[in-house]
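Just so you know, the sequences run in chain order A and B. Each number in the numbering used here corresponds to the 1-based position in the first sequence with 29 added. Each number in the numbering used here corresponds to the 1-based position in the second sequence with 99 added. We treat Cβ as the ideally placed atom computed from N, Cα and C, and that holds for glycine. Following: one structure in structure tokens, then a few remarks.
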Amino acid sequence: MIEFLQYHLPVLLIAIPLIAAPLAVLLSNRYIVQSLALAVCWTTFGLAIWMVAIVNQSGPVSYELGGWAPPYGIEYRVDQLNSFVMMFVSGLGAMVLTYSPYSLKAEIPLSQHYLFYPMYLLCMTGLMGMCVTGDLFNVFVFLEISSLSTYALISLGRTRRAPLAAFQYLIMGTIGATFLLIGIGLLYQMTGTLNMADIAEQLEAQRLVNDGQWAGSRTMLVAFAFLTVGLCIKMAVFPLHTWLPNAYAYAPSVVTAFVAATATKVSVYAFIRVVFGIFTPQFAFELLPLDTALWSFSLVGIFLASIAAIFQQDVKRRLAYSSIAQIGYMLLGISMADVDGLSAGIVHMFNHALIKGGLFMVVGCFVLRLGSVQMDDWKGAGRTMPWTSFAWVLGGLGLIGVPVTCGFISKWLLLTSAIHNELYPVAILMLISSLLAVVYVWQIVEVLYFEEPSEKAKHATEVPPLMLLTTYTVVGANIVFGVWTTYSAGLATKAAKALLEGGSL
Amino acid sequence: MTLDEIFGLYNYWVVICLMMTGFYIVIARKNLIKTVIGLNVFQTSVVLLYITMGKVTGGTAPIIPPEIAAQHGEHHEHSTAHSTAHSTAHMTADAPHLDHATEHGHEAVTPLTQHADHVHQTASAMADHSTELIYSNPLPSVLMLTAIVVGIATTALALALIVRISEDYGTIEEDEILLIDQRDSSH
């Protein structure tokens, strides 16, 4: 039984939430559906941890879907990198869902609850699928599964702006996904295969035939450009970020916490896979100036988004702009293309998922009691809701990157890598940008603790223990992983080494 | 670029025209329904791109025509019966045609002459029936079936969202919606 499970593990990670989703619609009883979704999410998290253990013990796992051998069949391939990403995606998915009941009751009409859970499960299916699959076209399909359910989830928001935000995201997201599709098509045209490892081999073979020159194949350049731009839209990299603030601001708090923690990270993962797994860093960074492009866009994005965050009165929107800035740090790490830089990028995916997930959970707590995300209404809430406010402080410290929080680990790695690569201006700008984070986090702390309580805050009470417990678990994890890095930075470094030294996949 | 090349790439020109038209509509149109239409045109161009790359000149749909399938069956019986005369390795002569592949695998280890004999037979059979048949690559078309389904789902969701927007705002012109939002937030 154990062996059977272990053999089918990669596909179970997808199949369980996928099958549970329509089942949840059919069951249609709020309580049953809720327990089903919780059970599924925690099971998936458990399986993902098991997957990480297996991969670390005995190397990458390949699973032939339906018994068809790759490259003809679809291959699910799990290595250090994607098992790590799947672990924190499913972990945060389970955590946020456990946190959700009270917040959902307040923000989504009861009659729609049984539809919320299937969407949530589908979104998780899509994200996990994007990670696990070794087939490019499969990436597109899973991307669309997760995106479509995200649009629907966002449109559940309380205000009438929510459907509009969802619609704008849908337009941008579909353009991004279609770009991805064009890129995949062109790659298929050049190599005749959709399996990532096989594409990498074919490209390498073509290169060898041409005496080590990247065959002047313009098609390949175009394919790479389409893939990059398409994924950049989904990642919300600076000039393509316009969908993100509205989507995060108007979605229900639970949805924002989940999507902010996971969706953009998985796109970053897909981008890493495309650059390091299919095309090589030599192609992307030496033949093409992608590294320069990435770090310049990242830095501009970090600064503009951080400055924009400072001027937001809406706390959710403030955190949304901060997310755009944080994506910049991840890309900065990737653009360094050495072990330190890449592990910084990967570990920051994990750390930022914890930090932003935690902070949006805190926002959800405030929304439950204060009914508002405007800073004016949060004034003085530190007196009536001390625990929730303190969670904000802890999460905020992580966001700034204070030592002993996990935000520090990723920034430290990034800094080492920047200095190692003699990119001193980048290193200095990065430090300055952290000061901007101090400003936009501190403004909220000030409002919470040093202002006279607003009308709403005076009558607020502390949130239910379940919400506090889950919020503190996530926020606390960002302290734990700031001190004990074996399973965050350690795994990320292993994954980065495997990507850089193992060549293709 | 010669005239031949320009006309040879006819499909790709159409793809690019459609793609840019769709993309422009998405960016330029402020009416939400028209945006969705633009998105559909954009997606359709990608479908055409895939279908074009799967097409082999002179190729037909990758379905074995019934008469050839029938003839192939007859021939197969004939050839296996014929080889039985040569060798005991073909004791499975009366096996159903579906076993052709496995049988072929066995033959790979039989003595070279017999193998050559069989190859010769197969080759002549091929010459009889199927050399003139070229098939197009079916995979891109299959991929596009999936992409079309995804496109329909996207369009349906987009239209559903537009219905809600129209109920809430009373308009589907983006400019007017933004104006209403601004008026709301200034109050």
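- In angstroms, rounded to a whole number, what distance separates the CA positions of Q403/A and V344/A? 6 Å
**Asked** Short check: CB of A382/A to CB of L76/A, under 8 Å?
**Response** no
- Query: Is S64/A near the ligand ADP, going by C-beta to nearest heavy atom under 7 Å?
  - Reply: The ligand ADP is not among the ligands present in this structure, which contains no ligands whatsoever.
**Request:** Give the DSSP-derived three-state secondary structure of A215/B in the structure shown.
**Result:** With a pLDDT of 44 at A215/B, under the threshold of 50, the modelled position of that residue is not reliable, and the figure given next carries that caveat. A215/B: helix per DSSP, three-state reduction.
**Prompt:** Of the residues that make up the region 271 to 286 of chain A, which ones have a beta carbon closer than 8 Å to any beta carbon in chain B?
**Reply:** none
Self-check item: Under 9 Å (Cβ pairs) to chain B, residues found in the region 147 to 180 of chain A
Solution: F166, F169, V170, E173, I174, S176, L177 and Y180
Nearest CA to the CA of T445/A: which residue from A337/A, V368/A and Q235/A? V368/A
* **Beta bridge counterpart(s) of V606/A as assigned by DSSP** => Residue 606/A lies beyond the stretch modelled for chain A, which goes from 30 to 534, so this question has no answer here.
Q: Output, in chain order, the set of chain B residues within a Cβ distance shorter than 8 Å of F196/A.
A: L131, A257, L260, I261 and I264
Quiz item: With 16 other CB atoms within 10 Å as the buried threshold, where does I31/A fall?
Solution: exposed
(request) Can you give me the Cβ contacts of V23/A inside the same chain, cut-off strictly under 7 Å, excluding the 5 residues immediately before and after it? (result) Missing from the structure shown is residue 23/A; chain A here goes from 30 to 534 and no further.
Flag this pair as touching only if the region 334 to 342 of chain A and the region 461 to 469 of chain A have three or more C-beta atom pairs under 8 Å; answer yes or no.
yes
task: Give me the Cα-Cα distance between I251/B and P51/A, rounded to the nearest whole angstrom.
output: 19 Å
Any idea what DSSP makes of P268/A, helix, strand or coil?
helix
Subject >> Local Cβ density within 10 Å of P164/B, reported as buried at 16 or more and exposed below that >> reply: exposed
| query | Below 8 Å between beta carbons: does that hold for V118/A and C160/A? | reply | yes
Figure out for me which residue from M414/A, F145/A, A49/A and G214/A has the closest Cα to the Cα of L148/B.
G214/A
Report task. Under 9 Å between beta-carbons, which chain A residues line up against Q142/B? List them in chain order, please. Result -> T203, T207 and L210
State the Cα-Cα distance for the pair M157/A and P130/A, rounded to the nearest angstrom. 23 Å
### Task
Work out the CA separation of F141/B and L165/A for me, nearest whole Å.
21 Å
Notebook entry, point to check: From F305/A to L317/A, what distance separates their C-alpha atoms?
Noted result: 14 Å
query = Apart from the five residues on each side of it in sequence, which residues of its chain come closer than 7 Å, Cβ to Cβ, to S265/B?
reply = I271
Where Q235/A falls: helix, strand or coil (DSSP) | helix
Please list, in chain order, the chain A residues whose beta carbon lies closer than 7 Å to that of D280/B. R190
Using DSSP with H/G/I as helix, E/B as strand and the rest coil, what is W471/A? helix
What do you get for T434/A, buried or exposed, if any count of 16 or more other CB atoms within 10 angstroms of its CB means buried?
buried
Where does P454/A land, buried or exposed, given buried means 16+ other C-beta within 10 angstroms?
-> exposed
Query - Close beta carbons around M365/A, own chain, < 6 Å, minus the five adjacent residues each side - result: S446 and N450
#### Entry: Selected residue, minimal CA-CA separation from M152/B, among L238/B, R263/B, L278/B and M118/B
L238/B
On the three-state DSSP scale, how would you describe N236/B? coil
Worksheet item: Is it buried or exposed for S176/A, if we count other Cβ within 10 angstroms and need 16 for buried?
Response: buried
| request: Note down, one range per segment and in chain order, each alpha helix (DSSP H) of at least 4 residues found wholly within the region 255 to 339 of chain A. | output: 272 to 279, 282 to 301 and 319 to 339
For the alpha helix (DSSP H) containing Q141/A, name the first residue and the last one. Element bounds for Q141/A: n/a, residue is neither H nor E.
- Message: Please tell me whether V62/A and Y146/A are closer than 8 Å, where the distance is taken between their beta carbons.
- Response: yes
For G204/B and chain A, any beta-carbon pair shorter than 8 Å? With a pLDDT of only 38 at G204/B, under the threshold of 50, the placement of this residue in the model should not be trusted, and no figure is reported.
- Run through DSSP, which three-state label would Q342/A get? coil
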